[in-house]
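Using the numbering used here, you'd call the opening residue of the sequence shown number 154 and step up by one each time. The structure appears right after this line, and notes come after that.
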Amino acid sequence: MKSGRDISKIADGILEGNRRALARGITLIESYREEDIEVGQQLLERLMNASGNSVRLGISGVPGVGKSTFIESMGLDLVDQGHRVAVLAVDPSSPYSGGSIMGDKTRMQNLTQSASAFIRPSPTGGTLGGVARRTRESIMLCEAAGYDVIIVETVGVGQSEYAVADMVDFFLVMLLPGGGDALQGIKKGIIEVADMLVINKAEGDQLALAKAAKKEYQQALKLISGNGGVPAEVMLCSALERTGIKEIWQNLADRTEELKQSGEFEQRRNDQLLSWMSRLTEQSLLQRFWGDEKVRKLAEQCRNQLREGTLTPLQASKKLISEFLRER
Ligand SMILES: Nc1nc2c(ncn2[C@@H]2O[C@H](COP(=O)(O)OP(=O)(O)OP(=O)(O)O)[C@@H](O)[C@H]2O)c(=O)[nH]1
Ligand SMILES: [Mg+2]
154 MKSGRDISKI ADGILEGNRR ALARGITLIE SYREEDIEVG QQLLERLMNA SGNSVRLGIS
214 GVPGVGKSTF IESMGLDLVD QGHRVAVLAV DPSSPYSGGS IMGDKTRMQN LTQSASAFIR
274 PSPTGGTLGG VARRTRESIM LCEAAGYDVI IVETVGVGQS EYAVADMVDF FLVMLLPGGG
334 DALQGIKKGI IEVADMLVIN KAEGDQLALA KAAKKEYQQA LKLISGNGGV PAEVMLCSAL
394 ERTGIKEIWQ NLADRTEELK QSGEFEQRRN DQLLSWMSRL TEQSLLQRFW GDEKVRKLAE
454 QCRNQLREGT LTPLQASKKL ISEFLRER
């Protein structure tokens, strides 16, 4: 158990921008031990007021599309411009490896060495909900440590993309040039929440293909956004040759300014806080519900009665809920 003094030390270290303190703080946030979770929350409470001053970017796309290479290229540019960049990963698909998507860090070798960058692989194990909470809280710690650009990388597995889209200011979906029909193979829903599509590997003899794909995507996005909406931007780059990267950042920086002026930036973050609160409440209610001995026993009975046809699902669920509420 960490004492109040330990927490103060870590909190002060984080506020001073000490990377080791930040890493320790995130380790507490990511821990599954009851006492660590408690301490992690105390830490978060202390640092909450110091967080929020950043641009948060989410980057998603199929494995191999070039997300890490892109983050390294853009991260190095940003560091050159005087920014401090933190990179986090959401990868609920790899419970044991320590996060395959950034496990080796080799694709961000140069950024890893920069004193102005902090790179953290995915938290291991657990449900998407748990991983998402840890990542959100890690974002807050990074901000308290003075990182003003936070980049969250995720592979497009299950619902992880939506979880990330809901914790960032801008959500970028990375695509390959060509790939046949526009939008093929990509979940339509994810395009709807994207703020920008980035076509990577737009270089050499792939460039013409990438430009054609851009037109196709632009048309498709116009349809999706309908009459009133503003379609997401489509931009080209080569993460490897480091072309188009500065333009992408400039676009995001300009939009950040606009959104801040209009108040939409704050609004979006507030909406995210509200939906985060709802999700946490739902998760913990469900945990308590199914963790209740009596509810579980009754559920077993209900299952039998359902099989026999002596109880309807609605009746069963009503019984379970009243059992849960009975002694509360
Ligand atoms: N030609 C070319 N290759 C690239 C480009 N960007 C990345 N690559 C290569 O594509 C491969 C995959 O790149 P990563 O950055 O690891 O891709 P990723 O999307 O992070 O992959 P996962 O983390 O496994 O999901 C590597 O061999 C990169 O060198 C690019 O712009 N052009
Ligand atoms: Mg990667």
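Where is the CB? At the ideal position from N, CA and C, for every residue including glycine. Note that this is a predicted model, so its numbers are computed, not measured.
Practice task
Check serine 391 in the structure and name its three-state DSSP category.
Solution key: One-based indexing of the sequence shown puts residue 391 at position 238. Of the three classes helix, strand and coil, the one that applies to serine 391 here is strand, per DSSP.
Handout entry: Exposure label - methionine 430; buried when at least 16 CB within 10 Å
Key = Within the sequence shown, numbered from 1, the residue matching residue 430 stands at position 277. So methionine 430 counts as exposed.
Practice task
Using 10 angstroms around the beta-carbon of lysine 447, count the other beta-carbons present and answer buried if the total reaches 16, otherwise exposed.
Solution key: On the sequence shown, residue 447 is found 294 positions in, with the first residue counted as 1. By the neighbour-count rule (16 or more Cβ atoms within 10 Å), lysine 447 is not buried but exposed.
Handout entry: Where lysine 162 sits in the DSSP three-state scheme
Key = On the sequence shown, position 9 is the one that residue 162 refers to. The answer is helix: DSSP assigns lysine 162 an H, G or I state.
Handout entry: N-terminal and C-terminal residue of the alpha helix (DSSP H) that glutamate 306 is part of
Key = As a position in the sequence shown, residue 306 is number 153, starting the count at 1. Taken as a continuous stretch (DSSP letters only), glutamate 306 belongs to no alpha helix (DSSP H), being part of the beta strand (DSSP E) at 302 to 308.
Problem - serine 213: first and last residue of the uninterrupted beta strand (DSSP E) it sits in - result: Translated into the one-based positions of the sequence shown, residue 213 becomes position 60. First-last of the beta strand (DSSP E) with serine 213: 208 to 214.
Problem - Contained beta strand (DSSP E) runs [length at least 3] in the region 382 to 470, N- to C-terminal order - result: 386 to 389
Exercise for the section: Please look up how many angstroms separate the CB atoms of alanine 355 and cysteine 390, rounded, as I've assumed it's under 8 Å. Expected result: The residue you call residue 355 lines up with position 202 of the sequence shown. The residue you call residue 390 lines up with position 237 of the sequence shown. Contact flag correct, Cβ pair sits at about 6 Å.
Problem - Extent of the continuous alpha helix (DSSP H) to which leucine 350 belongs - result: In the sequence shown, residue 350 corresponds to position 197, counting from 1. No alpha helix (DSSP H) contains leucine 350, which is instead part of the beta strand (DSSP E) from 349 to 352.
Problem - Identity of the residue in Leu405, Val192, Arg172, Gly205 nearest aspartate 159 by Cα - result: On the sequence shown, residue 159 is found 6 positions in, with the first residue counted as 1. The shortest C-alpha separation from aspartate 159 is found at Val192.
Problem - tyrosine 112 burial status per 10 Å Cβ neighbour count (16 or more: buried) - result: Because the chain spans 154 through 481 in this model, residue 112 falls outside it and cannot be assessed.
Exercise for the section: Please report how far the alpha carbon of threonine 277 lies from the alpha carbon of isoleucine 182, in whole angstroms. Expected result: Here residue 277 corresponds to residue number 124 of the sequence shown, with the count starting at 1. Here residue 182 corresponds to residue number 29 of the sequence shown, with the count starting at 1. C-alpha separation (whole angstroms): 12 Å.
Handout entry: the region 404 to 416 touching the region 362 to 382, judged by at least three CB pairs closer than 8 Å
Key = no
Practice task
Using 7 Å as the cut-off, classify the Cβ of arginine 260 as near or not near the heavy atoms of ligand 2, replying yes or no.
Solution key: As a position in the sequence shown, residue 260 is number 107, starting the count at 1. Under cutoff, so the answer is yes.
Practice task
Could you check how far apart the C-beta atoms of leucine 264 and isoleucine 303 are, in whole angstroms? I think they sit under 8 Å.
Solution key: Walking along the sequence shown from the start, residue 264 turns up at place 111. Walking along the sequence shown from the start, residue 303 turns up at place 150. That pair is no contact at about 14 Å.
Problem - Segment limits, beta strand (DSSP E) that includes methionine 293 - result: Within the sequence shown, numbered from 1, the residue matching residue 293 stands at position 140. Per DSSP, methionine 293 belongs to no beta strand (DSSP E); it is in the alpha helix (DSSP H), 281 to 297.
Problem - For leucine 231, the three-state DSSP class (helix, strand or coil) - result: Looking up residue 231 in the sequence shown gives position 78. Leucine 231: helix per DSSP, three-state reduction.
Practice task
Assuming valine 238 contacts serine 275 (C-beta within less than 8 Å), just tell me the rounded distance between them.
Solution key: As a position in the sequence shown, residue 238 is number 85, starting the count at 1. As a position in the sequence shown, residue 275 is number 122, starting the count at 1. Not confirmed; about 17 Å, so no contact.
Exercise for the section: Report the option in Leu229, Asp445, Thr396 whose CA atom is closest to the CA atom of isoleucine 352. Expected result: Counted from its first residue, the sequence shown places residue 352 at position 199. Selected option, being the one with the closest Cα: Thr396.
Handout entry: Member of Arg456, Val208, Arg199 whose CA lies at the smallest distance from the CA of glutamate 410
Key = Within the sequence shown, numbered from 1, the residue matching residue 410 stands at position 257. Considering only alpha carbons, the answer is Val208.
Practice task
Kindly confirm or deny that the region 311 to 324 and the region 222 to 239 touch, where touching means at least three C-beta pairs closer than 8 Å.
Solution key: no
Handout entry: Heavy atom of ligand 1 within 7 Å of glycine 217 beta-carbon
Key = Here residue 217 is taken as the residue at index 64 of the sequence shown, counted from 1. Glycine 217: yes, Cβ under 7 Å from ligand 1.
Exercise for the section: May I ask whether a heavy atom of ligand 1 can be found less than 7 Å away from the beta carbon of lysine 367? Expected result: Indexing the sequence shown from 1 puts residue 367 at position 214. No, the Cβ of lysine 367 stays beyond 7 Å of every heavy atom of ligand 1.
Handout entry: Best match in Asp358, Ala316, Leu360 for proximity to isoleucine 343 [C-alpha to C-alpha]
Key = Against the sequence shown, residue 343 aligns to sequence position 190. Out of Asp358, Ala316, Leu360, Ala316 has the C-alpha closest to the C-alpha of isoleucine 343.
Handout entry: Bridge-paired residues (DSSP) for isoleucine 179
Key = Residue 179 sits at position 26 when you count from the first residue of the sequence shown. DSSP, once it has assigned bridges, lists no residue as partnering isoleucine 179.
Practice task
Give the DSSP-derived three-state secondary structure of leucine 264 in the structure shown.
Solution key: Sequence index remark: in the sequence shown, residue 264 carries index 111 (1-based). DSSP places leucine 264 in helix when its eight states are reduced to three.
Problem - Cβ separation of valine 218 and methionine 388, assumed to be a contact under 8 Å, to the nearest whole Å - result: Locating residue 218 in the sequence shown gives position 65, where the first residue counts as 1. Locating residue 388 in the sequence shown gives position 235, where the first residue counts as 1. Their Cβ separation, rounded to whole angstroms, is 14 Å, which puts valine 218 and methionine 388 out of contact at 8 Å.
Practice task
Using the Cα positions of serine 475 and arginine 449, report the straight-line distance between them to the nearest angstrom.
Solution key: As a first step, residue 475 must be located in the sequence shown, where it is residue number 322. As a first step, residue 449 must be located in the sequence shown, where it is residue number 296. Their backbone Cα atoms lie some 13 Å apart in a straight line.
Handout entry: Sequence-distant residues of the same chain with beta carbon closer than 7 Å to serine 313, five excluded per side
Key = The residue you call residue 313 lines up with position 160 of the sequence shown. Result list for serine 313: Val243, Pro245, Leu281, Thr307, in chain order.
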